[in-house]
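Below is one structure; the comments refer to it alone.
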Amino acid sequence: MSTSKRKVLIVEDDFILYQELVDFFEQKGYAIIGLPDGAAVDCYEDVVTLLETNEPDIAILDIKIKGKRDGLDIAGYIRERFHTLIVMLTGEDNYENLERAKKINADGFVLKLEKPINLRQLWTTINLKLPDIDRRHIRKTQGEFFKVREIDNTKTTGKNGAAKQVVDPLDLETFIKWEQICFIESYNAKSAGQGNNNVLIHTKDSKAYVSRGSLSEIHDLLPDSFVRFDQSTILNLEHISAKGRGSTLYFIGETPFKLSDRYRDEALKQINDFMGNKF
3 MSTSKRKVLI VEDDFILYQE LVDFFEQKGY AIIGLPDGAA VDCYEDVVTL LETNEPDIAI
63 LDIKIKGKRD GLDIAGYIRE RFHTLIVMLT GEDNYENLER AKKINADGFV LKLEKPINLR
123 QLWTTINLKL PDIDRRHIRK TQGEFFKVRE IDNTKTTGKN GAAKQVVDPL DLETFIKWEQ
183 ICFIESYNAK SAGQGNNNVL IHTKDSKAYV SRGSLSEIHD LLPDSFVRFD QSTILNLEHI
243 SAKGRGSTLY FIGETPFKLS DRYRDEALKQ INDFMGNKF
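Listed below in structure tokens is the structure:
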């Protein structure tokens, strides 16, 4: 990890409790992702604005906040975009909240049944999960372990085509660096009776690896340089070498990739943010 301070996002509609949490984390050496005027971050819209320019290492989210969307909606928004450690706060111990928290894979759940809040319990919950931040950072910035098997890339039909050679992934985990990956595509092995829940990872050394899992599942692991282009393809913007006329056709080497209407707006935003005026 970098020696820079870890960043924490606190979302709480009770200003006194919000400030108590801010003071607590500042004393622990954290940088606070907050509003310029020092007001409490207390609604979904505030968070979306802040996260346009900030990525939190830790998010402390009260479930019941201002507005139509609650803290669990914010947790889902964060989980889709970042590898953040998420701890939920709630004054209501109910089954529905627990089930929703499990679905978005929250890292901790602290009840606000005491006043002031039990900061020791909160800090213990965070400390038990702190090693995950480092692991997530390594995976985000460097690469990930995949159960893969290399296939003969010359025997595939090309982008989004079914391969003539169908193989199962090995039970051996292989570390693949993000910088090595050019693009990832859905890999339909249904004809061999294996189902179609596989992806094909194409690397810059012209190798291809098949791995189990859906494109959506692998997309959740990837850093910001990877963009969903269509239903079947994810591109690594680091390897885009040319652009066609307009804003929907891009090339990696001689292989063309066209943005689909479904993913166009989000993809173009990512492309512009990442590549700037390169093209």
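Numbering follows this note's numbering, with no gaps: position 111 of the sequence shown is 113.
The beta carbon of each residue, even a glycine, is placed where N, CA and C say it ideally should be.
Just so we're clear, the structure is a prediction, and the values are computed from it rather than from any experiment.
Quiz item: Sorted by chain position, which residues of the same chain lie with C-beta nearer than 6 Å to T250's C-beta, five sequence neighbours on each side aside?
Solution: Excluding positions up to five away in sequence, the list reads K260 and L261.
Exercise. Apply the 10 Å Cβ neighbour rule to S193 and answer buried if 16 or more other Cβ atoms are within range, or exposed otherwise.
Key: The pLDDT assigned to S193 is 40, lower than 50, so where the model puts this residue is not dependable, and the model offers no usable value.
Self-check item: Unbroken alpha helix (DSSP H) run spanning R83, endpoints
Solution: R83: member of the alpha helix (DSSP H) spanning G73 to R83, first to last residue.
Practice problem: Answer with buried or exposed for Y97, where buried requires no fewer than 16 other C-beta atoms within 10 angstroms of its C-beta. | Solution: Y97 comes out exposed.
Self-check item: Element boundaries [alpha helix (DSSP H), containing T205]
Solution: Counting along the chain, T205 falls outside any alpha helix (DSSP H), though it belongs to the beta strand (DSSP E) covering N200 to T205.
Quiz item: How many Å lie between L239 and N200 at the Cα?
Solution: Approximately 22 Å, taken between the alpha carbons.
Quiz prompt | Beta-carbon proximity of P58 to F84, cut-off 8 Å | solution = Yes, the pair counts as a contact, with Cβ atoms nearer than the cut-off.
Quiz item: Relative to the alpha-carbon of M277, which residue among E256, Y252, K114 and I65 has its alpha-carbon at the smallest distance?
Solution: Here the closest residue by C-alpha is Y252.
Exercise. Leaving aside the five residues before and after P118 along the sequence, list all residues of the same chain whose C-beta is less than 7 Å from its C-beta, in chain order.
Key: So the qualifying residues of the chain are E22.
Quiz item: What runs of the beta strand (DSSP E), each 3 residues or longer, lie entirely inside the region 25-81?
Solution: Entirely contained in the region 25-81, the beta strand (DSSP E) runs reaching 3 residues are, in chain order, 33-35 and 60-64.
Quiz item: What three-state label does DSSP hand S218 in the structure shown?
Solution: Looking at S218 - three-state DSSP - the assignment turns out to be helix.
Quiz item: Per DSSP, what kind of secondary structure is N190 in: helix, strand or coil?
Solution: Coil, per DSSP.
Quiz item: Whole-angstrom Cβ separation of I273 and I236, contact assumed at under 8 Å?
Solution: Contact annotation, I273 with I236: C-beta distance approximately 13 Å; criterion of less than 8 Å not satisfied.
Self-check item: Status (buried if at least 16 other CB within 10 Å, exposed otherwise) for E14
Solution: With 16 or more other Cβ atoms within 10 Å, it is buried.
Quiz item: Just curious, the alpha helix (DSSP H) that L100 is in, first and last residue?
Solution: It spans Y97 to K105 - the alpha helix (DSSP H) in which L100 sits, taken as one unbroken run.
Practice problem: Taking L87 and K131 to be in contact with their CB atoms under 8 Å, please state how far apart those CB atoms are, rounded to whole angstroms. | Solution: Correct: roughly 5 Å between the Cβ atoms.
Exercise. Give me the Cβ distance between L74 and A103, rounded to the nearest whole Å; I'm assuming they're in contact under 8 Å.
Key: Confirmed, Cβ separation roughly 6 Å.
Quiz item: Can the beta-carbon of K9 be found closer than 8 Å to that of A33?
Solution: Taking 8 Å as the Cβ cut-off, K9 and A33 qualify as a contacting pair.
Quiz item: Since D267 is in the beta strand (DSSP E), which residue starts that stretch and which ends it?
Solution: First-last for D267: R266 to M277, but that is the alpha helix (DSSP H), not the beta strand (DSSP E).
Practice problem: Please report how far the alpha carbon of V112 lies from the alpha carbon of I220, in whole angstroms. | Solution: So the two alpha carbons sit approximately 30 Å from each other.
Exercise. Say whether chain C places a C-beta atom closer than 8 Å to the C-beta of F231.
Key: Of the protein chains in the structure, only one exists, and it is not chain C.
Quiz prompt | R247 (DSSP reduced to helix, strand or coil) | solution = Three-state result, R247: coil.
Practice problem: Measure the CB-CB distance between L63 and L19 and report whether it falls below 8 Å. | Solution: Taking 8 Å as the Cβ cut-off, L63 and L19 do not qualify as a contacting pair.
Quiz prompt | Alpha-carbon to alpha-carbon, R122 and D39 | solution = Computed Cα separation, rounded: 28 Å.
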